[in-house]
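Single-structure report; data block below.
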Amino acid sequence: MRKSVNYNRGNFSVKRTVLIVDDEEINLEIMSTILMDDFNILRASDGQEALDLLLKAEHKIDLVLLDVFMPMDGRELLKVRQNNPELKRIPFIVCTSDKNIEEECFHLGVNDFIKKPYENPDIIVARIKRMIELYEDRSILKEVETERLTGLYTVEFFKKYAKQFDVAYPDIPKDMISISINRFRLINELYGRAFGDQILLAFAEQLSVCINNCNGLLGKYGGSTFLIYCEHHDNYDILPLKLNEAIQKVSSEVNITFRVGVYQNVDPQIDKEIVIGRAKTTADSLTNDYVENIGFYNEEKQAKTLHSEELINAFPQALEEGQFKLFFQPKYNIQGDKPTFSSAEVLIRWISPKFGFVNPGEFISLFEENGLIGELDEYILKKAAKYMREWKDKYGLDVPLSVNLSRVDIYRPNLVEEIIGFVDENNIPRENYYIEITESAFVEDAQVVIPVIEKIRNNGFKVEIDDFGSGYSSFGALADLPFDILKIDMQFIKTMDKNPKVKHILKMIINLSKMLDAITIAEGVETKEQCDFLKKNGCDIVQGYYLSRPLPLNDFEALIKEELKGDEH
Ligand code: C2E
Ligand code: CA
Ligand code: CA
């Protein structure tokens, strides 16, 4: 962000440089004498010589005093100046005795006139000083207001004018658009700055044309981002096409791509900085997408992305501080007279001082995506084994637990050794430690998963296929999968009451499981009717709100103590 420029108005302690252009030696002499105490003087005797001096970077010329009738006419020089932004930054004063020429020079952008023959020298000096001062003021303002290369508004002024635009057109809906050139720094490095500048200028020009066709503003943000604030459009399909045209004009060989983020129907109450940020992050989210070059801001999506980032950032501390709590959902054997406790599934909960109670639905897949799940599951695997030891010590109970493994965990080279380590160091029976892994992981990554699962089973642990029937494998393929327990996907239980066909499928799955000598579990059982149906049809074990919700440690311990008492009777 630019700060205001510290400028000492009217401070002439540093001598400014004036270029005097006249073909008459005597005039040069007189004017030099008038100005020499107050200014550095450069002289030229025709337009061409003046132009050469002006274009040489080593002379910083602050003002030009110009005669009109010379070998290269003063008016020619003024025409050149009109098309050169650098020369336009320098004020030109024409010295003439010809009244008629004045109007013509005015149209050529001259800033002031001094009459020949020269009269009061003090007035001339004062006038020149005033003009330089005025111009310096203006160019400083300009430098902040617009960007040097493209002449587009800098972001500070863009924001300011965007607000004014809101005031001027309160009733029309507006969009904020951010356009960035991809890997622009690399383009500069590979093809040179001059080429980079050409691309920027081509974008600026093309976007100016677009803006001229509608109501709006154009600005520049940083090195390679353009901003548009304009009246709302439903469709922006034309914009990428136009930008590609601009690129083609500069080069058809260099592969230049861009990303566009559109935030439609901007709420004028929201600070422009935030609005620009939203358009920009929408564009930035496309960086790795080579197919789409235009994206549209979506409030929900953005909020979700931000929340996900926060969760990821909070993870290490949360793990360290023990914010992840193991909950336990009991599973009941239903084949006897009354349901009896058989084991429990470990379900993780994140109790965060910042976010409150976070459900695994919010973070498991997120952590799977960025690899944090490994650390988390390791923690859970270890903790589960510890609790089993504690319960054995405190209550004399062997409580079988099942722990969920993510498909990502399977790729950890020492996974099985870790599990063996956690269980054996607590000296608990391996056959009481179950691993749940989803059917989809089994099937999609079969080549990797199956050998690992076989190794887990060969080491004495039990394996459950979770969410079975959620549409990944054929019943036929089940025979080839190594597992001990088949856990029917909750969806069947949810829909069984409404759809009689589902009841049919449930019966089939239970029978299939029996044929394969597996234990059958139904989860998500919420009603007595569901439970009765499952019992009648031979399902061994049931898990769900009907019998118990997932419980925090204390409640679960109370429950197993009850179980212990029950066993004593
Ligand atoms: P899942 O393994 O299929 O777990 C069963 C989910 O069903 C749990 O949701 C449980 O709270 C919920 N549930 C249990 N009974 C009922 C019921 O009667 N009705 C309904 N509607 N829901 C019921 P939760 O705890 O939110 O976990 C969601 C998923 O997150 C789990 O699905 C599992 O895939 C994953 N997950 C949970 N804990 C862990 C963990 O420690 N490690 C890994 N890798 N994944 C975990
Ligand atoms: Ca599970
Ligand atoms: Ca499940």
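The sequence shown begins at 1 in the working numbering and counts up by one. All C-beta atoms, glycine included, are put in the ideal place defined by N, C-alpha and C.
Quick check on the burial criterion: 16 or more other C-beta atoms within 10 angstroms. Buried or exposed for residue i?
{"i": "Arg549", "result": "exposed"}
{"i": "Lys220", "result": "buried"}
{"i": "Cys214", "result": "exposed"}
{"i": "Phe367", "result": "buried"}
{"i": "Thr527", "result": "exposed"}
{"i": "Gln248", "result": "exposed"}
{"i": "Pro552", "result": "exposed"}
{"i": "Pro173", "result": "exposed"}
{"i": "Arg81", "result": "buried"}
{"i": "Ile238", "result": "exposed"}
{"i": "Met36", "result": "exposed"}
{"i": "Thr305", "result": "exposed"}
{"i": "Pro339", "result": "buried"}
{"i": "Gln530", "result": "buried"}
{"i": "Asn511", "result": "exposed"}
{"i": "Leu134", "result": "exposed"}
{"i": "Ser224", "result": "buried"}
{"i": "Gly216", "result": "buried"}
Just checking my contact of residue i with residue j at CB under 8 Å: how many whole Å lie between their CB atoms?
{"i": "Val262", "j": "Tyr297", "result": "7 Å"}
{"i": "Ile493", "j": "Lys331", "result": "About 14 Å separates the two Cβ atoms, so there is no contact after all."}
{"i": "Pro482", "j": "Ile453", "result": "5 Å"}
{"i": "Phe422", "j": "Ala385", "result": "4 Å"}
{"i": "Leu516", "j": "Ala479", "result": "6 Å"}
{"i": "Val254", "j": "Tyr191", "result": "6 Å"}
{"i": "Ile410", "j": "Ala446", "result": "About 11 Å separates the two Cβ atoms, so there is no contact after all."}
Between the Cα of residue i and those of the options, spot the shortest distance and give me the residue it belongs to.
{"i": "Ile334", "options": "Glu523, Thr17 and Leu478", "result": "Glu523"}
{"i": "Glu439", "options": "Glu321, Asp484, Gln269 and Asp175", "result": "Asp484"}
{"i": "Asp73", "options": "Lys56, Glu104 and Lys60", "result": "Glu104"}
{"i": "Lys159", "options": "Ile274, Ala246, Tyr118 and Ile90", "result": "Ile274"}
{"i": "Asn459", "options": "Leu55, Ile419, Val542 and Ala441", "result": "Ile419"}
{"i": "Gly374", "options": "Ala558, Ser470, Arg412 and Leu87", "result": "Arg412"}
{"i": "Gln543", "options": "Leu559, Leu553, Lys487 and Asn554", "result": "Lys487"}
{"i": "Leu218", "options": "Ser178, Phe327, Leu65 and Asn40", "result": "Ser178"}
{"i": "Leu54", "options": "Phe39, Ile20 and Asp37", "result": "Ile20"}
{"i": "Glu292", "options": "Glu299, Ala283 and Glu300", "result": "Ala283"}
{"i": "Ser402", "options": "Ala126, Lys383, Glu417 and Ile410", "result": "Lys383"}
{"i": "Pro240", "options": "Asn212, Glu253, Phe184 and Ser180", "result": "Ser180"}
{"i": "Val18", "options": "Gln302, Glu436 and Lys60", "result": "Lys60"}
{"i": "Gln264", "options": "Asp271, Lys272 and Ala279", "result": "Ala279"}
{"i": "Leu227", "options": "Thr154, Pro170 and Ile453", "result": "Thr154"}
{"i": "Val64", "options": "Lys392, Arg43 and Met70", "result": "Arg43"}
{"i": "Asp98", "options": "Pro117, Phe92 and Gly371", "result": "Pro117"}
{"i": "Glu464", "options": "Glu345, Ser308 and Glu309", "result": "Glu345"}
{"i": "Val525", "options": "Leu534, Gln447 and Lys242", "result": "Leu534"}
{"i": "Ile90", "options": "Leu326, Leu51, Phe69 and Asn244", "result": "Leu51"}
{"i": "Phe195", "options": "Cys210, Ser251 and His232", "result": "Ser251"}
{"i": "Gly295", "options": "Asp271, Leu311, Asn235 and Glu431", "result": "Asn235"}
{"i": "Phe324", "options": "Asn427, Glu378, Cys95 and Glu300", "result": "Glu378"}
{"i": "Ile270", "options": "Glu362, Glu557, Gly216 and Asp175", "result": "Asp175"}
{"i": "Glu29", "options": "Lys15, Ser45 and Arg16", "result": "Ser45"}
Does DSSP put residue i in a helix, in a strand, or in coil?
{"i": "Gln164", "result": "helix"}
{"i": "Val21", "result": "strand"}
{"i": "Asn6", "result": "For Asn6, the predicted model reports a pLDDT of 27, less than 50, meaning its position is unreliable; a value from the coordinates is still stated below. If DSSP states are grouped into helix, strand and coil, Asn6 belongs with coil."}
{"i": "Glu292", "result": "coil"}
{"i": "Gln48", "result": "helix"}
{"i": "Ala522", "result": "strand"}
{"i": "Phe39", "result": "strand"}
{"i": "Tyr153", "result": "strand"}
{"i": "Tyr263", "result": "strand"}
{"i": "Glu568", "result": "Residue confidence for Glu568 is low, a pLDDT of 49 falling below 50, so the modelled location carries little weight; the figure read from the coordinates is stated next. Residue state, collapsed to three classes: helix."}
{"i": "Gln543", "result": "strand"}
{"i": "Leu200", "result": "helix"}
{"i": "Ser180", "result": "strand"}
{"i": "Asn427", "result": "coil"}
{"i": "Ser548", "result": "coil"}
Based on the DSSP output, what are the partners of residue i in its beta bridges?
{"i": "Leu65", "result": "Ile20 and Ile93"}
{"i": "Arg412", "result": "None, per the DSSP bridge assignment."}
{"i": "Thr527", "result": "Paired residues: none, contrary to the question."}
{"i": "Glu464", "result": "Glu436 and Ile485"}
{"i": "Pro330", "result": "Ala344"}
{"i": "Glu231", "result": "Lys174"}
{"i": "Lys220", "result": "Thr154 and Phe226"}
{"i": "Phe556", "result": "Looking at the DSSP assignment, Phe556 forms no beta bridge with any residue, so it has no partner."}
{"i": "Asp112", "result": "Ile93"}
{"i": "Lys325", "result": "Arg349"}
{"i": "Gly356", "result": "Ser352"}
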